[in-house]
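Protein chains: 2
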Amino acid sequence: MDAWLPLAALMTKLPAALDAQLRRDAGISHFEYFVLAMLSEAAEHTHRMSALAERTSSSLSRLSHVVKRLEQRGWVRRAPCPADGRYTNAILTDAGWEKVVATAPGHVDIVRRLVIDALTEEQIGQLRDIGRSIVDRVTPALTAMAASTGQVIDSESEPDPVL
Amino acid sequence: MDAWLPLAALMTKLPAALDAQLRRDAGISHFEYFVLAMLSEAAEHTHRMSALAERTSSSLSRLSHVVKRLEQRGWVRRAPCPADGRYTNAILTDAGWEKVVATAPGHVDIVRRLVIDALTEEQIGQLRDIGRSIVDRVTPALTAMAASTGQVIDSESEPDPVL
DNA sequence: AGCCAAGACTTGAAGCTTCAAGTCATTGAA
DNA sequence: TTCAATGACTTGAAGCTTCAAGTCTTGGCT
């Protein structure tokens, strides 16, 4: 409880703060920014939708809706993958690149102020390790739960550490 | 970046995992559970709406909508505060109490498995301190941003550490 | 060749959150 | 006393996410 309550508070408040800054200063949500940022780092400013969903930890459905909105705003365009027509590529436009360049400094600044500056050098290292450990547990659990909708966890007979 | 990326991943995936477990096993969202849990810990199983919003880190509007749904499901009821008619009390019903009692073990179990068991004793202590430090920074920043909608952060002329 | 199964999205509807107004009770000033 | 002003919600609409189907392409089987 001692450690869980602060973490629970963190998980609700920090995303809210990041969202508020981006919405106020750039008119986009944190998730929209994150999608643009991931595309800006990709080779050719291009990503398959499924790979982008993976990188942004989102469902394909959510990503599809968001990319449609970003497309309407002129920051992204979509094209079927020339090599394999089953895939769709999301491509950052020039306007999209400029949006990222204009928006990134303010975002980086608030992350630094709210997270990095709140901690000592030592704590930053601890946070990295703790974050990785938890994410490594959560990721397979999330996959397992998506696969077993409607079932109840049986912690007695199921020694699998995943859940 | 080293520490930020794991934290960003944590903030999207851990809430998703908790939500999935509660939705699957109890048919409620994590936020709905949290509201019921806070009420179950309160004296008389009662809280003013504004105090409950504070404790759950949510807006009054969001809480109002959620409590309405919980009321429709019979787990909560609302009554104006006898002492001061401006306030509204949210009160956990007997059925609501039973819902919490039935739901808590599964939720506690998954938090333990995903968070606590992923860490050493030492890391749990570190996480508590890190979480508190960040939340202490984020909370006033969030308040400040709510108050200054539409304005741009000026990091040069504004030495205030809040943002 | 023809078909079917699998994978990769896309879409429409339903549910939840946010935003902007609106309502109601109480306090304080004229 | 009367009447803003404040504070505490509540509500309806708009926007975003999730869920369940539906579409389209490719690879493999016959």
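Protein sequences, first through last, are from chains R and V. Sequential numbering of the first sequence, starting at 43, is according to our numbering. Sequential numbering of the second sequence, starting at 43, is according to our numbering. Where is the CB? At the ideal position from N, CA and C, for every residue including glycine.
Below-8 Å beta-carbon distance, residue i vs any chain V residue
{"i": "Thr-181/R", "result": "yes"}
{"i": "Ser-175/R", "result": "yes"}
{"i": "Trp-139/R", "result": "no"}
{"i": "Leu-184/R", "result": "yes"}
{"i": "Asp-126/R", "result": "no"}
{"i": "Ser-99/R", "result": "yes"}
{"i": "Met-80/R", "result": "no"}
{"i": "Ala-121/R", "result": "no"}
{"i": "Glu-198/R", "result": "Only weak support exists for where Glu-198/R lies, its pLDDT of 34 falling under 50; the coordinates are left without a value."}
{"i": "Gly-192/R", "result": "Model confidence at Gly-192/R stands at a pLDDT of 41, short of 50, so the residue's coordinates are unreliable; what they give is reported in the following sentence. Cβ-Cβ to chain V under 8 Å: yes for Gly-192/R."}
Neighbour flag for residue i against chain R, beta carbons, 8 Å
{"i": "Ser-92/V", "result": "no"}
{"i": "Ile-172/V", "result": "yes"}
{"i": "Leu-49/V", "result": "yes"}
{"i": "Asp-44/V", "result": "yes"}
{"i": "Leu-52/V", "result": "yes"}
{"i": "Asp-202/V", "result": "Bear in mind that the predicted position of Asp-202/V carries a pLDDT of just 35, short of 50, making it too unreliable to give a figure here."}
Residue environment, residue i, which counts as buried when at least 16 other CB atoms sit within 10 Å
{"i": "Ala-62/R", "result": "buried"}
{"i": "Asp-44/V", "result": "exposed"}
{"i": "Ser-92/V", "result": "exposed"}
{"i": "His-107/V", "result": "exposed"}
{"i": "Lys-55/R", "result": "buried"}
{"i": "Glu-74/V", "result": "buried"}
{"i": "Pro-207/R", "result": "The structure shown does not extend to residue 207/R, since chain R is modelled only from 43 to 205, so the question has no answer here."}
{"i": "Arg-128/V", "result": "exposed"}
{"i": "Ala-183/V", "result": "buried"}
{"i": "Arg-179/V", "result": "buried"}
{"i": "Ala-121/V", "result": "exposed"}
{"i": "Ala-160/R", "result": "buried"}
{"i": "Arg-154/R", "result": "exposed"}
{"i": "Leu-64/R", "result": "buried"}
{"i": "Val-157/V", "result": "buried"}
{"i": "Asp-67/V", "result": "buried"}
{"i": "Gly-69/R", "result": "exposed"}
{"i": "Val-150/R", "result": "exposed"}
{"i": "Ala-51/V", "result": "buried"}
{"i": "Ala-95/V", "result": "buried"}
{"i": "Ala-85/V", "result": "exposed"}
{"i": "Ala-125/R", "result": "exposed"}
{"i": "Met-53/V", "result": "buried"}
Are at least three pairs of beta-carbons, each pair with one atom in the stretch 112 to 125 of chain V and one in the stretch 95 to 102 of chain V, less than 8 Å apart?
no
What residues from the stretch 54 to 68 of chain V come within 8 Å of chain R, judged by C-beta to C-beta, listed N to C?
Thr-54, Lys-55, Leu-56, Pro-57, Ala-58, Ala-59, Ala-62, Gln-63, Arg-66, Asp-67
Just by C-beta distance, which residues in the stretch 141 to 171 of chain V are closer than 8 Å to chain R?
Against chain R - using a Cβ distance shorter than 8 Å - the residues of the stretch 141 to 171 of chain V are Gly-148, Asp-151, Ile-152, Val-153, Arg-155, Leu-156, Val-157, Ile-158, Asp-159, Ala-160, Leu-161, Gln-165, Ile-166, Gly-167, Gln-168, Leu-169, Arg-170, Asp-171.
If we require 4 or more residues per run, which alpha helix (DSSP H) segments fall completely within the stretch 127 to 202 of chain V?
Whole alpha helix (DSSP H) segments, 4+ residues: 136 to 156, 163 to 189.
For the 8 Å Cβ check, are there 3 or more pairs between the stretch 135 to 146 of chain V and the stretch 129 to 142 of chain R?
no
Where are the beta strand (DSSP E) runs, 3 residues long or more, that stay fully inside the stretch 54 to 104 of chain R, in chain order?
Complete beta strand (DSSP E) runs here, min 3: 88 to 90.
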